[in-house]
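In terms of my numbering, the sequence shown opens at residue 233 and continues consecutively.
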Amino acid sequence: MSNREERWEALRMYLWPAGAPPEAASSWAGDGAEPSPSDADELQQRGQEMQSRGEELALKGAELQLRGQELQLAGEEL
């Protein structure tokens, strides 16, 4: 397997860890070929969705960290 094929396989496994990729991606997933423009659009959209979700989780994590600090200060006052 070439380096390029390994990268596509890693990307496929990252995007669809629970099993086979959606039908739209099956045209390129196993043959080492680059994705078609529609597949590339789908991958880009999925990447943007994942980035948005990551930003949401980072914000939630910061909120939880702040809340934890508030609780720690309240506990020290007791």
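The beta-carbon is built from N, C-alpha and C at its ideal position, and this holds for glycine as well.
On the CB-based measure, 16 or more other CB atoms within 10 Å of its CB, does residue i come out buried or exposed?
| i | result |
| --- | --- |
| R244 | buried |
| D271 | buried |
So what does DSSP say about residue i, is it helix, strand or coil?
| i | result |
| --- | --- |
| L310 | coil |
| S234 | coil |
| S270 | helix |
Return the Cβ separation of residue i and residue j in integer angstroms, given the expectation that the two are a contact with Cβ distance under 8 Å.
| i | j | result |
| --- | --- | --- |
| R285 | L247 | Contact flag wrong, Cβ pair sits at about 13 Å. |
Excluding the five sequence neighbours on either side, which residues of its own chain have a C-beta within less than 7 Å of the C-beta of residue i, listed in chain order?
| i | result |
| --- | --- |
| L310 | none |
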